[in-house]
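S.K.:
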Amino acid sequence: MRVTILGTGAIAGAHARAIADLPAHGVDATLVHAVDIDVARAEAFATEHGVPGHGTSLEDVLGETDVLHVCTPPGVHADVAVAALKAGVHVVVEKPATLSLAELDRIAEAEAASTASFTQVVQHRFGHGARQLRRLLDDGALGRPLVATCDTMWFRGPAYFEVPWRGRWDTEGGGPTMGHGIHQFDLLLATLGPWSEVTAMAGRLARHVDTEDVSMAIVRFANGAMATIANSLLSPRETSELRFDTEAATVELSHLYGYSDADWTFTPAAGRDDVAQLWQADPGALPSGHLAQFVPTYRAFAAGEAPPVTVADTRGTLELVAAIYRSSFTGAVVRAGEIAPGDPFHASMRGTGPSWPPLKSVPA
Numbered sequence: 001m002r003v004t005i006l007g008t009g010a011i012a013g014a015h016a017r018a019i020a021d022l023p024a025h026g027v028d029a030t031l032v033h034a035v036d037i038d039v040a041r042a043e044a045f046a047t048e049h050g051v052p053g054h055g056t057s058l059e060d061v062l063g064e065t066d067v068l069h070v071c072t073p074p075g076v077h078a079d080v081a082v083a084a085l086k087a088g089v090h091v092v093v094e095k096p097a098t099l100s101l102a103e104l105d106r107i108a109e110a111e112a113a114s115t116a117s118f119t120q121v122v123q124h125r126f127g128h129g130a131r132q133l134r135r136l137l138d139d140g141a142l143g144r145p146l147v148a149t150c151d152t153m154w155f156r157g158p159a160y161f162e163v164p165w166r167g168r169w170d171t172e173g174g175g176p177t178m179g180h181g182i183h184q185f186d187l188l189l190a191t192l193g194p195w196s197e198v199t200a201m202a203g204r205l206a207r208h209v210d211t212e213d214v215s216m217a218i219v220r221f222a223n224g225a226m227a228t229i230a231n232s233l234l235s236p237r238e239t240s241e242l243r244f245d246t247e248a249a250t251v252e253l254s255h256l257y258g259y260s261d262a263d264w265t266f267t268p269a270a271g272r273d274d275v276a277q278l279w280q281a282d283p284g285a286l287p288s289g290h291l292a293q294f295v296p297t298y299r300a301f302a303a304g305e306a307p308p309v310t311v312a313d314t315r316g317t318l319e320l321v322a323a324i325y326r327s328s329f330t331g332a333v334v335r336a337g338e339i340a341p342g343d344p345f346h347a348s349m350r351g352t353g354p355s356w357p358p359l360k361s362v363p364a
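Position 34 (the sequence shown) corresponds to 34 in full-length UniProt numbering; numbering is contiguous.
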């Protein structure tokens, strides 16, 4: 498979390195084009990663591409993904997939009419510990999941937001709920299944941005489990923490931007030592990361099968993002399925708008 990367900023390097490692895992894929609006940046990226072709026009190389990796700011994801799908090119897009549910629904329509597939990068789903936990829950070995916490406590200083597209509803889509915590609570959803209702609050407490810089939510899941979600860019000691309390055990993950089996803790409930041996490390497993997701994704592309993260999976997570904003800005409990076409939060994560005024220097 011939691969093109669109957008050669920082995250593109992770994609290029993972693509280069695919042949060692039995996947026949080669990075052949690097495209960026900045020709010098595209050339430097191509030189660094040994990419034979580079330029500024995606249209010129789409006919020579089997898989397109979209590593641009999120504001252009939807149009690019739709164009690629119409051309029969598989799409791998960085998070967040789109700025809104409306844009993602456009992609879903394009995929339905295409021979190609769409997927979003949510690499934390693919670490061994996460896959093991899902298996044990699916098997019923740990009993019912009851309580969970999901904390993305990160720090981004004022300089981070000097990049023009950050901190804006129209180009980034939202703050830490949309662009940072989404990785952790996507893993929460992948583990616990569909959510049913959410109540939340968000605030702009310390950063000169138009979006929030912190949000908190309480979520009820379809299986009855309850969870809290915190997303912060104001936390000096950075950490990403997930905790799952089931009838038989507590399973915890503590990391920052990626994890291995060493970052998990398994604690049986009192009197349930019988489940202790169920949790096993796999020394040969890939750590959570792009390669861990790309291997099964490319195998699915090659086999003509749906990728392990579908557009429907992506929508479930993005709908939770929209629900957190809707609850935060309206004060209402939001139930799954309520945000439909015609709802302001379907068209934009800003929806009816937050209580704080927009910054004059940053368009809302």
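Note that CB positions come from ideal geometry on N, CA and C, so glycine has one too. Since this is a predicted model, take the numbers as computed values, not measurements.
Assuming V35 contacts V67 under a Cβ cut-off of 8 Å, what Cβ separation, rounded to an integer in Å, is found between them?
M.R.: For the purposes of this step, residue 35 is taken as the residue at position 35 of the sequence shown. For the purposes of this step, residue 67 is taken as the residue at position 67 of the sequence shown. V35 to V67, Cβ: 13 Å. No contact.
S.K.: Given a threshold of 16 other Cβ atoms within 10 Å of its Cβ, counted over all protein chains shown, does W169 qualify as buried or as exposed?
M.R.: Reading the sequence shown from its first residue, position 169 is the one you call residue 169. With 16 or more Cβ atoms within 10 Å of its Cβ, W169 is classed as buried.
S.K.: Between the region 101–121 and the region 239–257, are three or more C-beta pairs nearer than 8 Å?
M.R.: Judged by Cβ distances under 8 Å, the region 101–121 makes no contact with the region 239–257, as fewer than three pairs qualify.
S.K.: Are at least three pairs of beta-carbons, each pair with one atom in the region 64–78 and one in the region 19–37, less than 8 Å apart?
M.R.: Yes: at least three Cβ pairs fall under 8 Å.
S.K.: Compute the Euclidean distance between the alpha carbons of S215 and R326, then round it to the nearest angstrom.
M.R.: Numbered from 1 along the sequence shown, position 215 holds the residue referred to as residue 215. Numbered from 1 along the sequence shown, position 326 holds the residue referred to as residue 326. About 12 Å.
S.K.: Please specify which runs of the alpha helix (DSSP H), each continuous and at least 4 residues long, are wholly inside the region 299–344, giving them in chain order.
M.R.: Within the region 299–344, the complete alpha helix (DSSP H) runs of at least 4 residues are 311–330.
S.K.: Leaving out five residues before and five after P363 in sequence, what residues of the same chain have Cβ atoms less than 7 Å from its Cβ?
M.R.: Taking the sequence shown and counting its residues from 1, one reaches residue 363 at position 363. Here the model assigns P363 a pLDDT of 44, short of 50, so the residue's position is not dependable and the matter cannot be decided.
S.K.: With burial defined as no fewer than 16 other Cβ atoms inside 10 Å of the residue's Cβ, what is the status of M226: buried or exposed?
M.R.: Looking up residue 226 in the sequence shown gives position 226. Counting Cβ neighbours within 10 Å, M226 comes out exposed, since fewer than 16 surround it.
S.K.: Inspect the beta-carbon positions of F126 and C150 and report whether they are closer than 7 Å.
M.R.: For the purposes of this step, residue 126 is taken as residue 126 along the sequence shown, with counting starting at 1. For the purposes of this step, residue 150 is taken as residue 150 along the sequence shown, with counting starting at 1. Cβ distance not < 7 Å, so F126 and C150 don't count as in contact.
S.K.: What three-state label does DSSP hand G140 in the structure shown?
M.R.: Here residue 140 refers to the residue found at position 140 when the sequence shown is read from its first residue. Looking at G140 - three-state DSSP - the assignment turns out to be coil, as it is neither helix nor strand.
S.K.: Cα separation between S100 and S232?
M.R.: By 1-based counting over the sequence shown, the position of residue 100 is 100. By 1-based counting over the sequence shown, the position of residue 232 is 232. If I take the Cα positions, the gap works out to 21 Å.
S.K.: On a Cα-Cα basis, can you pick out the residue from G175, H183, L189 that is closest to M201?
M.R.: Here residue 201 corresponds to residue number 201 of the sequence shown, with the count starting at 1. For M201, the nearest C-alpha among the options comes from G175.
S.K.: Using CA atoms only, rank isn't needed, just tell me which of F244, T47, L318, G316 is closest to A269.
M.R.: Locating residue 269 in the sequence shown gives position 269, where the first residue counts as 1. Considering only alpha carbons, the answer is F244.
S.K.: Pick helix, strand or coil for D273, following the three-state DSSP scheme.
M.R.: Position 273 of the sequence shown, counting from 1, holds the residue named residue 273. In this structure, D273 counts as helix in the three-state DSSP scheme.
S.K.: Take the Cβ of H208 as the centre, count every other Cβ of all protein chains shown within 10 Å, and call the residue buried at 16 or more, exposed below.
M.R.: In the sequence shown, residue 208 corresponds to position 208, counting from 1. By the 10 Å Cβ count, H208 comes out exposed.
S.K.: Do you know how far the Cα of V122 is from the Cα of G181?
M.R.: For the purposes of this step, residue 181 is taken as the residue at position 181 of the sequence shown. For the purposes of this step, residue 122 is taken as the residue at position 122 of the sequence shown. Rounded to whole angstroms, G181 to V122 spans 11 Å at the Cα level.
S.K.: Please report how far the alpha carbon of V309 lies from the alpha carbon of D273, in whole angstroms.
M.R.: In the sequence shown, residue 309 corresponds to position 309, counting from 1. In the sequence shown, residue 273 corresponds to position 273, counting from 1. C-alpha separation (whole angstroms): 34 Å.
S.K.: Beta-carbon within less than 6 Å of H54's beta-carbon, same chain only, minus the 5 sequence neighbours each way: which residues are those?
M.R.: On the sequence shown, position 54 is the one that residue 54 refers to. Hits under 6 Å: A34, A42, E43, A46.
S.K.: As a quick exercise: from H25, L22, P23, L58, pick the residue whose alpha carbon is nearest that of V39.
M.R.: Position 39 of the sequence shown holds residue 39. Comparing Cα-Cα distances from V39 to each of H25, L22, P23, L58, the minimum goes to L58.
S.K.: To the nearest angstrom, how far is it from the Cα of E172 to the Cα of V76?
M.R.: Here residue 172 corresponds to residue number 172 of the sequence shown, with the count starting at 1. Here residue 76 corresponds to residue number 76 of the sequence shown, with the count starting at 1. Whole-angstrom Cα-Cα distance: 10 Å.
S.K.: With a threshold of 7 Å on Cβ separation, who are the neighbours of A340 within its own chain once the five nearest residues in sequence on each side are excluded?
M.R.: Along the sequence shown, one-based indexing puts residue 340 at 340. Excluding positions up to five away in sequence, the list reads H346.
S.K.: Is it buried or exposed for D210, if we count other Cβ within 10 angstroms and need 16 for buried?
M.R.: Residue mapping note: residue 210 aligns to position 210 of the sequence shown, counting from 1. D210 comes out buried.
S.K.: Out of curiosity, what's the CA-to-CA distance linking L136 and G193?
M.R.: In the sequence shown, the residue the question calls residue 136 occupies position 136. In the sequence shown, the residue the question calls residue 193 occupies position 193. The straight-line gap from Cα to Cα measures roughly 14 Å.
S.K.: Quick one: Cα of V321 to Cα of K86, how far?
M.R.: As a working mapping, residue 321 is identified with position 321 in the sequence shown. As a working mapping, residue 86 is identified with position 86 in the sequence shown. Rounded to the nearest angstrom, the two C-alpha atoms are 27 Å apart.
S.K.: When the Cα atoms are used, what is the spatial distance from V333 to E197?
M.R.: As a position in the sequence shown, residue 333 is number 333, starting the count at 1. As a position in the sequence shown, residue 197 is number 197, starting the count at 1. Looking at the two C-alpha atoms, the distance is approximately 7 Å.
S.K.: Less than 7 Å separating the beta-carbons of T246 and G342?
M.R.: Residue mapping note: residue 246 aligns to position 246 of the sequence shown, counting from 1. Residue mapping note: residue 342 aligns to position 342 of the sequence shown, counting from 1. Not a contact, by the Cβ cut-off of 7 Å.
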